[in-house]
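Residue numbers (the UniProt record's numbering): 1 to 247.
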């Protein structure tokens with residue numbers, strides 16, 4: 001079960017020029033909670049995810065992590081950002097570095113870990129995501145699903161308090177999606193705090209504590225998976241579900 005609040009957004013607004021992409025967002029994510037964010041394209045899901053660790057600056061409002069307000073820039077932002085790992089849809093691995101080196105890099109450079117400690121931890125994490133045998137390969141030698149699992153291991157190597165996933169399976173071939181979702185499901189069961197932007201409704205049903213449905217830059221519904229999928233309250237959510245679940 002979720003504990004005390006780890007991530008809080010209050011009155012968050014974000015504009016791209018005249019486009020109001022996030023409108024008065026209030027969201028609390030409890031420690032150990034899995035919050036899945038869904039909604040139609042252009043609803044602001046990914047922007048919301050990217051504001052949580054200030055990859056996207058906000059226009060107004062506040063974002064706090066473990067009770068500490070996230071500043072716009074500076075050393076304190078870097079310190080707090082290290083507590084929130086990010087997994088992108090496009091993997092973002094360093095092509096010229098081995099799988100092992102990709103996972104080791106941030107703990108050494110950012111956390112100041114000794115290389116031998118970082119390597120030991122990296123090998124443990126690669127085993128955890130089923131890739132121990134691929135430690136010396138390069139990203140181009142791996143499938144998309146394998147690369148995304150390396151990206152998850154890399155995020156975990158920083159020992160973050162929370163993980164953000166921005167549509168982590170959208171760039172994958174269908175047969176590779178489950179291997180990534182299985183790792184994410186395991187993390188959820190282990191109590192990792194997660195905010196997941198995804199189109200994978202099966203994952204939302206099975207792994208989420210809460211489903212946040214967004215449309216037009218607003219949070220329209222914030223409910224348990226059972227409540228949302230069986231009895232959505234808003235017409236917008238009913239319409240979305242009728243289209244996405246019709247198959």
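Beta carbons: idealized from backbone N, C-alpha and C, even for Gly.
Taking the straight line between their C-alpha atoms, what separation do you get for residue i and residue j?
i: residue 80; j: residue 193; result: 15 Å
i: residue 186; j: residue 70; result: 29 Å
i: residue 130; j: residue 33; result: 24 Å
i: residue 113; j: residue 103; result: 12 Å
i: residue 58; j: residue 239; result: 30 Å
i: residue 236; j: residue 191; result: 31 Å
i: residue 121; j: residue 73; result: 29 Å
i: residue 105; j: residue 56; result: 23 Å
i: residue 76; j: residue 242; result: 44 Å
i: residue 118; j: residue 124; result: 10 Å
i: residue 53; j: residue 209; result: 21 Å
i: residue 139; j: residue 89; result: 15 Å
i: residue 172; j: residue 15; result: 30 Å
i: residue 20; j: residue 221; result: 19 Å
i: residue 37; j: residue 7; result: 14 Å
i: residue 219; j: residue 115; result: 43 Å
Could you check what DSSP says for residue i in three-state terms: helix, strand or coil?
i: residue 54; result: coil
i: residue 134; result: helix
i: residue 213; result: strand
i: residue 65; result: strand
i: residue 193; result: strand
i: residue 242; result: helix
i: residue 46; result: helix
i: residue 1; result: Low local confidence applies: a pLDDT of 42 at residue 1 is under 50, so the model's placement there is unreliable, and no value is given.
i: residue 97; result: coil
i: residue 173; result: coil
i: residue 71; result: coil
i: residue 178; result: helix
i: residue 139; result: helix
i: residue 233; result: coil
i: residue 76; result: helix
What residue range does the beta strand (DSSP E) around residue i cover?
i: residue 206; result: Segment 201-207 is the alpha helix (DSSP H) holding residue 206; no beta strand (DSSP E) there.
i: residue 14; result: 5-16
i: residue 23; result: 19-30
Hey, quick one: how far does the alpha helix (DSSP H) through residue i stretch, first residue to last?
i: residue 248; result: The shown model of the chain, from 1 to 247, leaves out residue 248, and the question about it has no answer.
i: residue 110; result: Taken as a continuous stretch (DSSP letters only), residue 110 belongs to no alpha helix (DSSP H), as it is neither H nor E.
i: residue 150; result: 144-157
i: residue 127; result: 115-128
Who pairs with residue i in a beta bridge, going by DSSP?
i: residue 85; result: 163
i: residue 222; result: 212
i: residue 38; result: 213
i: residue 60; result: 13
Buried or exposed for residue i, going by 16 or more other Cβ atoms inside 10 Å?
i: residue 245; result: exposed
i: residue 67; result: exposed
i: residue 134; result: buried
i: residue 231; result: exposed
i: residue 249; result: With the chain running from 1 to 247 in the structure shown, residue 249 is simply not present.
i: residue 18; result: exposed
i: residue 143; result: exposed
i: residue 11; result: exposed
i: residue 141; result: exposed
i: residue 148; result: buried
i: residue 204; result: buried
i: residue 111; result: exposed
i: residue 62; result: exposed
i: residue 94; result: exposed
i: residue 85; result: buried
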